[in-house]
Amino acid sequence: MALTPYQQLEQEFRRLHAFRSAASLLRWDSAVMMPRGSSELRGEQLAALETESHSLVTSPRVSRLLDRAEANLQGLEDWQQANLKEMRRERDHAIATPQNLVSRLAKATARAEIKWIEARQKSDFSLFAPHLEEVAVLVRNKADLLGKALKLDPYDALLDEFSPGMTSAEIDAIFTTLGRRLPSLIQEAIDTQAKHAPLEITGKFSASKQRHLATELMKTMGFPFDRGRLDESEHPFTGGIPGDIRITTRFNPTDPLTGLMGVLHETGHAMYDVGLPEQWRGQPVGRDRGMAMQESQSLLLEMLICRNRPFLRYMKPLMEKAFGVAGPEWEVENLYRLLTRVRRSLIRVDADEVTYPVHILLRYELEQEILKGELKIRDLPEAWNTRMGDRLGVKPANDAEGCLQDVHWAVGSFGYFPSYAIGAVIAGQLYESLRSERPQLDEEIAAGQFGGLFDWLRQNVHSLAASVSTPDLIRNATGKPLSAAAWLRYIEGKYLEL
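Structural data, given as structure tokens:
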């Protein structure tokens, strides 16, 4: 029996998924295993895969099949119709970007990422600047082309790749609310916490012991080690694909809490991928609903669940056993104070959840100015340092503490940064509804029972994949449109407690 146009499209997009899966694993390998001298070769490999992917999705055959499938939706289930819509969206995005630009950008970002690592290690922005300049020019060209094709502002076109449906106008509204409240809130939290300073943890904690504990926690939460792994890299991330998930982190020998929280953050990403419908795997509708939703899952687990007293009551005996420690600094209340300490710090990935959005607002502002040509690449370090001083009252002592701390711009991910803060806001709104519907949550977490938490997330977030828009997903899960209100209530309740 002949395949329908829709069934033929499923086959084509399954091939596209295979290409992109291979590229994802190559990028993981670049960060974790690949010799630094192989970057040019890896850039060629990634460019070849990007070119093949682009050719497939923009092919006349796919265009014809889309037209025919959209003309006759009879017999298609709701998720298949949603899949067809995502196929069209993906094709429109791809066809707006010429293949030679896709190839040039893949090669440029592969080179830039390696130079970023070297520049960061040497704290010398000048080593990275010409490569960032090249990437910025190519991304600017891409944004212009996408914007014209999709009838969007160029920057909104980039945002749409990472957080579909979100616009800079919506983000501006949320960021304006945060920007008004955060300066005073940060100082209030610091003043409140000054009355109860925590005891510092001292000693050395081997990476092997930290890894063992992290692995135990991941297993308890349901991470499938038969289809995933944990490694170390310069910049923690979650890579791979559903069915082959790769988590990386950094272990600090004098600060075991940082590495553990990094693992739990990435586990939030991974559990989202684990919860995506297996039936939809390999199809556009089967992906996550963008990076803002991804970040909501990682931040919800790390910040709202794990940096909280119930989880620490569960983790305390595990830490004592793993590290052979005891004493007042390892008591739950002291661990809680250490993990919720608000400080005006320089490094985004180490920032507390109160000051964290300020780091994002800075990057959001700077990357738009770069893309508009209002900020020259050579002036980025000075602009970064000055505005960090203005916003948080701290200034980097060197480039590694400043504009070299993130890999995102090196790999061309302009438009990604807002998803972190929007993800936090989404997490706050989801958490408020989760606690309302599951009043026993604290008791479950304290007992090391995470099934109820992930059942709720699978039902309201994971199982929907990309079948609904972000605004609809949030409204369905919480009964309200997205706003900063729930997150601010959560932050004020947690950090201004007496």
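Residue numbers (my numbering): 18 to 515. C-beta atoms are modelled at their ideal positions from N, C-alpha and C, and glycine is treated no differently. Because the structure is a prediction, the values reported are computed rather than measured.
Among the options, whose alpha-carbon lies nearest the alpha-carbon of residue i?
i      : options                        : result
His148 : Leu421, Asp170, Glu454, Asp472 : Leu421
Val375 : Leu118, Gly410, Phe467         : Gly410
Leu554 : His229, Arg85, His71           : The structure shown has nothing for residue 554, since the chain only spans 18 to 515.
Thr237 : Lys168, Leu281, Ile134         : Leu281
Ala503 : Lys389, Gln457, Ser56, Ser450  : Ser450
Ala309 : Thr487, Phe328, Ser453, His71  : Thr487
Lys226 : Ile203, Leu321, Gly341         : Gly341
Ile508 : Leu474, Glu135, Tyr448         : Tyr448
Thr68  : Gln116, Ala136, Gly468         : Gln116
Arg358 : Met320, Ser72, Leu247, Gly496  : Met320
Ile112 : Gly164, Tyr331, Asp396, Arg32  : Gly164
Leu474 : Glu460, Ile443, Leu42          : Ile443
Arg197 : Ala65, Arg408, Val154          : Arg408
Leu199 : Gly465, Ile491, Ala438, Ile462 : Ala438
Thr114 : Ala160, Phe142, Asp170         : Ala160
Arg380 : Val349, His425, Glu370, Ala343 : His425
Gly406 : Val366, Ser313, Arg361         : Arg361
Asp369 : Pro171, Leu316, Met332         : Leu316
Asp290 : Pro270, Gln311, Asp272         : Gln311
Which partner residues does residue i have in the DSSP bridge list?
i      : result
Leu247 : Ile264
Gly256 : Arg263
Asp272 : Asn269
Pull up the CB-CB distance for residue i and residue j, whole angstroms please, since I reckon it's below 8 Å.
i      : j      : result
Met183 : Leu176 : 6 Å
Ile191 : Ala501 : 5 Å
Leu318 : Thr284 : 6 Å
Thr372 : Ile203 : 6 Å
Ser70  : Phe30  : In fact, because the Cβ distance is near 11 Å, the residues do not count as touching under 8 Å.
Trp45  : Arg298 : Contact doesn't hold; Cβ gap of about 19 Å is too wide.
Glu150 : Ile394 : 5 Å
Can you find a C-beta in chain B that's less than 8 Å from the C-beta of residue i?
i      : result
Pro435 : No chain B is present in this structure, which holds just one protein chain.
Tell me where the alpha helix (DSSP H) around residue i begins and ends.
i      : result
Met104 : 95–112
Gly440 : 435–454
Phe340 : 326–340
Asn493 : 487–495
Glu312 : 308–316
Ile387 : 373–388
Leu458 : 458–463
Ile508 : 502–512
Ser38  : 22–49
Ile207 : 185–210
Trp297 : It is not in any alpha helix (DSSP H) - Trp297 carries neither H nor E in the DSSP assignment.
Glu399 : 397–409
Asp161 : 142–167
Pro171 : 171–179
Trp133 : 116–139
Ser56  : 56–74
Leu470 : 468–477
Pro241 : Neither: Pro241 is in no alpha helix (DSSP H) and is coded neither H nor E.
Arg365 : Note, Arg365: premise wrong, no alpha helix (DSSP H); not H, not E.
Determine contact between the stretch 477–491 and the stretch 286–303, defined as no fewer than three beta-carbon pairs at a distance below 8 Å.
Yes, the stretch 477–491 touches the stretch 286–303.
Is the stretch 202–214 in contact with the stretch 249–265, if contact means three or more CB pairs nearer than 8 Å?
Contact fails: fewer than three Cβ-Cβ distances are below 8 Å.
Check whether the stretch 114–124 touches the stretch 55–67, taking contact to mean three or more Cβ pairs, one atom from each stretch, closer than 8 Å.
Between the stretch 114–124 and the stretch 55–67 there are three or more C-beta pairs closer than 8 Å, enough to call the two in contact.
Is there contact between the stretch 378–386 and the stretch 427–434, where contact requires at least three CB pairs shorter than 8 Å?
Cβ pair count under 8 Å is three or more, so yes.
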